[in-house]
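Undergrad: Everything in the sequence shown is counted per the numbering used here, starting at 34 for the first residue and increasing by one.
For glycine and all other residues, C-beta sits at the position ideal for the given N, C-alpha and C.
In this text the structure is predicted, and so the values were computed from the model without any measurement.
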Amino acid sequence: MSAPSAVTVGIDVAKAHVDVSVLGANLDIRRFNNDAEGHSALAVALQPLNVQLVVMEATGGYETELACALQGAGLPVAVVNPRQARDFARSMGRLAKTDAIDARMLAELASVLLRRDDLS
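Below you can see the structure in the form of structure tokens.
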């Protein structure tokens, strides 16, 4: 019997909305508005899941309020360089690019980051 996997979240951020993928929990990719109401709804949806890490790309500022809202709700958040995320996706053989695929890839990146000893 294997240990339960950690719950990690990837968020693809756009100006008007965010696409969210959750690994380790039985949830489909969901879309939320990228505004205060959407940020609050997302935080409420994630809080009961015992999320270990949320990862999103830096997107020229569209991610800032969301990252702060999630951190304010007690969720661990990492904002990564888009080049690092793209390089990770390539290393995983992910060549297609949609919002949903990007969100899933960022959740997978979060899972990998959790295994690094130097990030605790």
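#1: Do the stretch 44-60 and the stretch 74-88 touch if we need at least three Cβ pairs shorter than 8 Å?
#2: Taking Cβ to Cβ, would you say D100 is nearer than 8 Å to L146?
#3: Based on the DSSP output, what are the partners of F65 in its beta bridges?
#4: Straight-line CA distance for I134 to G107?
#5: Quick check on the DSSP output: the beta strand (DSSP E) that includes G43 runs from which residue to which?
#6: As a quick exercise: from S124, A49, I62, pick the residue whose alpha carbon is nearest that of G71.
#7: With a cut-off of 8 Å on the beta carbons, I'd call G43 and L128 a contact; round off their distance for me.
#8: Only counting the same chain, and skipping five residues up and downstream in sequence, which positions put a Cβ closer than 7 Å to that of V46?
#9: Out of curiosity, what's the CA-to-CA distance linking F65 and V87?
#10: Note the first and the last residue of the continuous alpha helix (DSSP H) segment covering M138.
#11: Per DSSP, what kind of secondary structure is A129 in: helix, strand or coil?
#12: Roughly how many whole angstroms lie between the Cα atoms of S35 and F121?
TA: Once the coordinates are examined:
#1: The stretch 44-60 vs the stretch 74-88: in contact.
#2: Going by the sequence as given, residue 100 is Ala instead of Asp. Going by C-beta atoms, A100 is not nearer than 8 Å to L146.
#3: Beta-bridge pairing links F65 to V51.
#4: 26 Å
#5: 40-46
#6: A49
#7: With a Cβ gap of about 17 Å, G43 and L128 do not count as contacting.
#8: N67, M89, E90, T92, Y95, E96, L99
#9: Approximately 15 Å between the Cα atoms of the pair.
#10: 132-147
#11: coil
#12: Its pLDDT being 43, under 50, S35 is placed unreliably by the model, and nothing is read from it.
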